[in-house]
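Shown next, in structure tokens, is the structure this report addresses.
In our numbering, the protein residues as written are 18 to 258.
Following this line, the structure appears as structure tokens:
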């Protein structure tokens with residue numbers, strides 16, 4: 018298991034002094050990035066080998082949002098590799114070791130030369146071998162999100178992909194889709210569980226066309242292109258399970 022410790026910053030909290038959902042996601046992304054960097058298979062290695070780990074989906078369950086100034090411990094570990102899929106868990110803990118949030122994620126190993134999934138190399142598996150642990154017990158939701166059929170569907174104003182959305186892969190960062198989608202939540206909607214499925218990468222200059230389906234305790238946001246082909250589907254739930 019890999020971990021790092023931090024303290025919730027003022028810049029990471031909302032008006033109630035609790036960490037924002039996008040900031041929580043940033044901690045998870047940072048944690049697995051730090052692990053890869055420390056193991057020598059980080060950003061530069063991937064660039065040299067013309068490969069990339071692309072997030073296919075994740076599910077995040079939140080017991081409690083940490084508050085401004087609170088000390089937290091962010092942990093991650095891979096628990097399985099199959100063909101071109103990698104599976105990874107996360108936890109965020111307080112100083113007493115209580116789990117504030119946990120997460121499951123599915124990643125696809127990509128060959129950037131041919132722009133297609135490729136089998137994970139033995140060398141890549143070997144880099145993570147000492148950190149592999151069993152996955153978190155219990156069931157997670159399926160990787161794919163079924164958008165509910167509902168009469169309560171709204172098409173929102175298009176959103177352009179700006180420069181600050183772009184990460185080192187020159188794609189829109191995973192967390193930024195959540196930043197965009199979160200804007201369509203009703204007032205007072207408190208997210209206890211987040212699901213995200215990433216279907217194709219948006220790049221600088223693309224335009225996102227949001228389609229929002231609102232149900233009791235659940236909001237599903239599809240960020241699509243002009244032909245309604247999804248870039249990502251983000252689902253927010255007020256209930257933990």
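Backbone N, C-alpha and C fix where the C-beta goes; we use that ideal spot for every residue, glycine too.
Rounded C-alpha distance that separates residue 140 from residue 207: If I take the Cα positions, the gap works out to 42 Å.
Member of 238, 179, 38, 186 whose CA lies at the smallest distance from the CA of residue 82: Comparing alpha-carbon positions, the option among 238, 179, 38, 186 lying closest to residue 82 turns out to be 38.
Residue 2 to residue 118 span [Cα, whole Å]: No statement about residue 2 is possible, as the shown extent of the chain runs from 18 to 258 and does not include it.
Stretch pair the stretch 83–96 + the stretch 107–127: three plus CB contacts closer than 8 Å: Yes, they touch.
Given 8 Å, three or more beta-carbon pairs between the stretch 51–71 and the stretch 154–170: Contact between the stretch 51–71 and the stretch 154–170 is absent: fewer than 3 CB-CB pairs across the two stretches fall below 8 Å.
Extent of the continuous beta strand (DSSP E) run through residue 226: Counting along the chain, residue 226 sits inside the beta strand (DSSP E) bounded by residues 224–232.
Other residues of its chain near residue 36: CB distance less than 6 Å, five sequence neighbours each side excluded: Closer than 6 Å at the Cβ level, and outside the excluded window around residue 36, lie 25, 29, 30, 82, 83.
Collapsed DSSP secondary structure at residue 192 in the structure displayed: Residue 192: helix per DSSP, three-state reduction.
Beta-carbon spacing of residue 224, residue 192 below 8 Å: Not in contact: residue 224 and residue 192 (Cβ atoms no closer than 8 Å).
Status (buried if at least 16 other CB within 10 Å, exposed otherwise) for residue 103: Within a 10 Å sphere around the beta-carbon of residue 103 sit 16 or more other beta-carbons, which makes this residue buried.
Proximity test, residue 160 beta-carbon vs the ligand ADP heavy atom, cut-off 7 Å: Only the bare structure without any ligand can be found here, which leaves the ligand ADP out of the picture.
Burial state of residue 180, where buried means 16 or more other Cβ atoms lie within 10 Å: By the C-beta density criterion, residue 180 is exposed, having fewer than 16 other C-beta atoms within 10 angstroms.
Residue closest to residue 244, alpha-carbon to alpha-carbon, out of 40, 227, 232: The residue with the shortest Cα to Cα distance from residue 244 is 227.
Runs of alpha helix (DSSP H) wholly within the stretch 139–202 (minimum 4 residues, chain order): Counting only runs of 4 or more residues that sit fully inside the stretch 139–202, the alpha helix (DSSP H) segments are 139–145, 191–199, in chain order.
Opening and closing residue of the alpha helix (DSSP H) in which residue 33 lies: Unbroken run through residue 33: none, as it is neither H nor E.
DSSP beta-bridge partners of residue 111: BP columns for residue 111 are empty, so no partner.
Simplified DSSP state of residue 129, which is helix, strand or coil: Looking at residue 129 - three-state DSSP - the assignment turns out to be coil, as it is neither helix nor strand.
7 Å CB neighbourhood of residue 34 in its chain, flanking five on each side removed: Closer than 7 Å at Cβ, skipping near neighbours: 84, 85.
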